[in-house]
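Protein chains in written order, with my numbering: chain F, 10 to 417; chain E, 10 to 417.
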């Protein structure tokens, strides 16, 4: 008997018919003799609809209130799925995030899981029940409701799998797995049957359909994660620690091409070039939960001031600019320039840093395609370029072909 | 500085515009220097829509799951109201039933409040906050979510007023107060400026717009309840202990005419006429939470068996019949007959039982109107007749005129 955590996204439970289908799939796993904990997202576009509803009464809804509002989306989907299972004759019970023991910090809208108390889950599983858990939500020490941010249901699923020491965490979604590039952009993208956590982390952070936090969590707790379609039985992609036994030279160098279209760039011009300036700039942003990605610093011609450029998500741009304008007097900033129409494209693969030539090959492919590079960052397994958003899809296609990932 | 509990029903918060209006009303009370705790129901027809949604996945949704689903309706309205207040510049916070300390038994769908722990409420009020609480919901000792049944938000409001020792509980609704009869049925119905708990209890139980449990609770804890419109500033009706100082003979004998159209009658024919039969019949019904109203027992011609008739709400009829059919073998019942097309009409007034002639006057008015009486019950302050549902409105109009309640 195995213990599996399954996660179904919003498109998989978008209407009553789809919910009944998910119920039948879970029932099938139960009939095979396994224990199942199922995490679900809100139905279809519910979360967006609730945000729109909030904006009908407040231009900037209070984050605590918004989280309590958004948490209702998952309560609707878990109760419907549990009812559907019960009406098929199975003993199911739905649990809200708080009931499932998910404790978080109080960073509303982007809370992080601090702890999972699996007592109630284990109690219900011991009764032979199919347990349905609301993704995306948890409880603060003050007993207020938080949400984990977009994609947080994946994180809920992996956290539960870790806390319950489940055999595997299955993420069912509207795509059949992880591809060498977004199949909607690159028709010749190939599905990966296996991928390591690190490469998947880069693919996820750079635009693939899984939340990076869930991959990190899976890597730390060594939870094998299987990503597959909720609509078909086609084989998906297994994310796990790569086997040490594969011959090193045989490892594929480039795993895939990822992209992200919600990139905004901020340039803070003319700040004094002295120690502590970068810290003074980025500490307040970090404190307000803004995640800064690429950072580039140039010394200006007169060598007494410097320009610092960095990227944030387009969503975070307004708050970033507000923060900066409150800091301007202290930092004696000459000017703040921002551009919210950017994208990033990344070439991802294990061991890339050990093999020279990948970066220059990437720059050559983009140059030949007439695509200008605004900023560049690299990690051990990734090279990313910030480019114009309108050229993002074309860049992905060119890189997929250029790195010989086109199948067939 | 006073402390008031306000309650707004679903029609008062049916859309964003109405929610903003309620926010402004609450802000006005706050500006007058008072503390306010506001209880809200789900927006408009949300609860019915959620029940319909549940029925798309299960013919008979599991009661525990249904309660968790229904509880989301109030979470939406409280968060929107709190956001609206915050966007007007007031420090507001919304609390779910569990967060507001409302503890209940585990009778899903019709839970009773066992206790209110006001600690969190007092903590938020002490911060100078406007507190918005979800009506209709609570938490069991096992930390599961319950709902209090239809009209339960009134009960939530009065329970909070009692626990907080509030000066008054204001119930804002879509009618301007309590009338001598339903103004939609009787055009000449007059608004009551004051009414005692007992009479209101009968008016509520017999069809007026307030949940009887909230009146009972108000009577026990001596919470003055003010019922008024959320849309106008017209004076409403104050429900409180009648003053002992009013000259007894001046008290109006008939307060109003009430009716209820969801009455079903069940007749259990040919049960053995021996001690314990009625208990054997009604104990299982009570245990499954079915509330039995009027009960009449006739001895049949042969004197060895008896017929027992009783009324339940039409909603409870299917479950009542299922219960009875499972009991039939043990009770050796000859036949069960049911009729779900009935109504009750009631004449309500204080001290009616001490004044002869009211019952016969009621029967005469109905007889002259060609309305047949099926069953009769009386209490200290009420005489009720079960009649055909199609004649209910006509009966209310005739009684309102006959007891000289028509105004003008």
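C-beta atoms are modelled at their ideal positions from N, C-alpha and C, and glycine is treated no differently.
**OP:** Output the residue ranges of the beta strand (DSSP E) runs that lie fully inside the stretch 70 to 129 of chain E and measure 3 residues or longer, sorted by chain position.
**Re:** 101 to 104, 111 to 113, 122 to 125
**OP:** Apply the 10 Å Cβ neighbour rule to residue 346 (chain E) and answer buried if 16 or more other Cβ atoms are within range, or exposed otherwise.
**Re:** Translated into positions along the second chain, residue 346 (chain E) becomes position 337. Exposed, by the Cβ-count rule.
Original post:
Cβ of residue 172 (chain F) within 7 Å of Cβ of residue 125 (chain F)?
Top reply: Mapped onto the first chain, residue 172 (chain F) falls at position 163. Mapped onto the first chain, residue 125 (chain F) falls at position 116. Yes; because the gap between Cβ atoms is below 7 Å, this pair is in contact.
**OP:** Would you tell me roughly how many angstroms separate the C-alpha atoms of residue 368 (chain F) and residue 189 (chain F), rounded to the nearest one?
**Re:** If you number the first chain from 1, residue 368 (chain F) lands on position 359. If you number the first chain from 1, residue 189 (chain F) lands on position 180. For residue 368 (chain F) and residue 189 (chain F), the distance between alpha carbons rounds to 18 Å.
Original post:
When the Cα atoms are used, what is the spatial distance from residue 119 (chain F) to residue 157 (chain F)?
Top reply: For the purposes of this step, residue 119 (chain F) is taken as residue 110 along the first chain, with counting starting at 1. For the purposes of this step, residue 157 (chain F) is taken as residue 148 along the first chain, with counting starting at 1. Roughly 5 Å between the two C-alpha positions.
Subject >> Beta-carbon separation (whole angstroms), residue 169 (chain E) vs residue 142 (chain E), contact threshold 8 Å >> reply: On the second chain, residue 169 (chain E) is found 160 positions in, with the first residue counted as 1. On the second chain, residue 142 (chain E) is found 133 positions in, with the first residue counted as 1. Sure, about 6 Å apart at Cβ, within 8 Å.
Subject >> Cβ neighbours of residue 4 (chain E) in the same chain (closer than 6 Å, five flanking residues each side left out) >> reply: Nothing can be reported for residue 4 (chain E): it is not among the residues displayed for chain E, which extend from 10 to 417.
Original post:
Helix, strand or coil: how does DSSP classify residue 240 (chain F) here?
Top reply: Residue mapping note: residue 240 (chain F) aligns to position 231 of the first chain, counting from 1. Correct three-state label for residue 240 (chain F): coil.
Original post:
In chain F, which residues lie less than 9 Å from residue 96 (chain E) when you measure between Cβ atoms?
Top reply: Taking the first residue of the second chain as position 1, residue 96 (chain E) is located at position 87. Within chain F, the residues near residue 96 (chain E) are 66, 67, 68, 69, 70, 71.
Subject >> Residues near residue 297 (chain E) by beta carbon distance below 8 Å, same chain, minus five either side >> reply: Taking the second chain and counting its residues from 1, one reaches residue 297 (chain E) at position 288. Excluding sequence neighbours, residue 297 (chain E) sits near 328, 332.
**OP:** Would you kindly report the start and end of the unbroken beta strand (DSSP E) that includes residue 443 (chain F)?
**Re:** Since the displayed chain F opens at 10 and closes at 417, residue 443 (chain F) lies outside it and no answer follows.
Original post:
Relative to the C-alpha of residue 341 (chain E), which residue among E:348, E:290, E:321 is closest?
Top reply: Within the second chain, numbered from 1, the residue matching residue 341 (chain E) stands at position 332. Nearest option by C-alpha distance: E:290.
Subject >> Buried versus exposed, by CB contacts within 10 Å (16 or more), residue 274 (chain F) >> reply: Numbered from its first residue, the first chain carries residue 274 (chain F) at position 265. The residue in question, residue 274 (chain F), is buried, as its Cβ has 16 or more Cβ neighbours within 10 Å.
**OP:** Reducing DSSP to helix, strand and coil, say where residue 15 (chain E) ends up.
**Re:** Along the second chain, read from residue 1 onward, the residue named residue 15 (chain E) stands at position 6. Reduced to three states, the DSSP call for residue 15 (chain E) is strand.
**OP:** State yes or no: is the beta carbon of residue 225 (chain F) nearer than 7 Å to at least one beta carbon in chain E?
**Re:** Reading the first chain from its first residue, position 216 is the one you call residue 225 (chain F). Judged by the 7 Å Cβ criterion, residue 225 (chain F) is not in contact with chain E.
Subject >> Length of the line joining the Cα atoms of residue 100 (chain E) and residue 91 (chain E) >> reply: As a first step, residue 100 (chain E) must be located in the second chain, where it is residue number 91. As a first step, residue 91 (chain E) must be located in the second chain, where it is residue number 82. Near 8 Å, if we compare the C-alpha coordinates of residue 91 (chain E) and residue 100 (chain E).
Subject >> Reduced DSSP secondary structure (H/G/I, E/B, other) of residue 307 (chain E) >> reply: Within the second chain, the letter at position 298 stands for residue 307 (chain E). Residue 307 (chain E): strand per DSSP, three-state reduction.
Subject >> Three-state secondary structure (DSSP) of residue 328 (chain F) >> reply: As a first step, residue 328 (chain F) must be located in the first chain, where it is residue number 319. DSSP places residue 328 (chain F) in helix when its eight states are reduced to three.
Original post:
Taking the alpha-carbon positions, what's the residue 82 (chain E) to residue 56 (chain E) distance?
Top reply: The residue you call residue 82 (chain E) lines up with position 73 of the second chain. The residue you call residue 56 (chain E) lines up with position 47 of the second chain. Distance between the alpha carbons of residue 82 (chain E) and residue 56 (chain E) is about 6 Å.
Original post:
Pick from F:98, F:105, F:75: whose alpha carbon is nearest that of residue 50 (chain F)?
Top reply: Here the question's residue 50 (chain F) lines up with position 41 in the first chain. The shortest Cα separation from residue 50 (chain F) among F:98, F:105, F:75 belongs to F:105.
Original post:
Looking at residue 243 (chain F) and residue 152 (chain F), is the spacing between their C-beta atoms short of 7 Å?
Top reply: Indexing the first chain from 1 puts residue 152 (chain F) at position 143. Indexing the first chain from 1 puts residue 243 (chain F) at position 234. Not in contact: residue 152 (chain F) and residue 243 (chain F) (Cβ atoms no closer than 7 Å).
Original post:
Residues of chain F with a CB under 9 Å from the CB of residue 28 (chain E): which are they?
Top reply: Locating residue 28 (chain E) in the second chain gives position 19, counting from the first residue. Here the neighbours are 65, 66.
Subject >> Which listed residue (E:163, E:278, E:94, E:111) has its alpha carbon closest to that of residue 147 (chain E) >> reply: The residue you call residue 147 (chain E) lines up with position 138 of the second chain. Ranking the options by Cα distance to residue 147 (chain E), first place goes to E:111.
Subject >> Terminal residues of the alpha helix (DSSP H) in which residue 27 (chain E) lies >> reply: In the second chain, residue 27 (chain E) corresponds to position 18, counting from 1. First-last of the alpha helix (DSSP H) with residue 27 (chain E): 25 to 40.
**OP:** Kindly list, in the order they appear in chain F, the residues whose Cβ is closer than 7 Å to that of residue 92 (chain E).
**Re:** Your numbering for residue 92 (chain E) matches position 83 in the second chain. Residues of chain F passing the Cβ test: 63, 66, 67, 70, 71, 74.
Original post:
Closer than 7 Å, CB to CB, is residue 51 (chain E) near chain F or not?
Top reply: By 1-based counting over the second chain, the position of residue 51 (chain E) is 42. Chain F, which has no Cβ nearer than 7 Å to the Cβ of residue 51 (chain E), makes this no.
Original post:
Looking at residue 395 (chain F) and residue 383 (chain F), is the spacing between their C-beta atoms short of 7 Å?
Top reply: Looking up residue 383 (chain F) in the first chain gives position 374. Looking up residue 395 (chain F) in the first chain gives position 386. It is a contact, given that the beta carbons lie within the stated cut-off.
Subject >> Beta-carbon proximity list for residue 43 (chain F), same chain, < 8 Å, skipping 5 on both sides >> reply: Locating residue 43 (chain F) in the first chain gives position 34, counting from the first residue. Answer for residue 43 (chain F): 10, 11, 12, 13, listed in chain order.
Subject >> Within chain E, partners of residue 328 (chain F) - CB distance below 7 Å >> reply: Position 319 of the first chain holds residue 328 (chain F). The contacting residues do not exist; residue 328 (chain F) stays about 17 Å from chain E at best.
Original post:
Ends of the alpha helix (DSSP H) at residue 228 (chain F)?
Top reply: Residue numbering aside, residue 228 (chain F) sits at position 219 when the first chain is read from its first letter. It spans 221 to 230 - the alpha helix (DSSP H) in which residue 228 (chain F) sits, taken as one unbroken run.
Original post:
Under three-state DSSP, which class holds residue 60 (chain E)?
Top reply: If you number the second chain from 1, residue 60 (chain E) lands on position 51. Helix, per DSSP.
Original post:
Which word fits residue 16 (chain E), buried or exposed, when buried means at least 16 other C-beta atoms lie within 10 angstroms of its C-beta?
Top reply: Translated into the one-based positions of the second chain, residue 16 (chain E) becomes position 7. By the 10 Å Cβ count, residue 16 (chain E) comes out buried.
Original post:
Alpha carbon to alpha carbon, how far is residue 197 (chain F) from residue 20 (chain F)?
Top reply: Reading the first chain from its first residue, position 188 is the one you call residue 197 (chain F). Reading the first chain from its first residue, position 11 is the one you call residue 20 (chain F). Looking at the two C-alpha atoms, the distance is approximately 24 Å.
Original post:
residue 288 (chain E) to residue 344 (chain E), Cα distance in whole Å?
Top reply: For the purposes of this step, residue 288 (chain E) is taken as the residue at position 279 of the second chain. For the purposes of this step, residue 344 (chain E) is taken as the residue at position 335 of the second chain. When rounded, the distance between both Cα atoms is 18 Å.
Original post:
Looking at the unbroken beta strand (DSSP E) that takes in residue 361 (chain E), where does it start and where does it end?
Top reply: Taking the second chain and counting its residues from 1, one reaches residue 361 (chain E) at position 352. First-last for residue 361 (chain E): undefined, no H or E at that position.
**OP:** State the Cα-Cα distance for the pair residue 202 (chain F) and residue 180 (chain F), rounded to the nearest angstrom.
**Re:** Residue 202 (chain F) sits at position 193 when you count from the first residue of the first chain. Residue 180 (chain F) sits at position 171 when you count from the first residue of the first chain. If you take the alpha carbons of residue 202 (chain F) and residue 180 (chain F), they lie about 14 Å apart.
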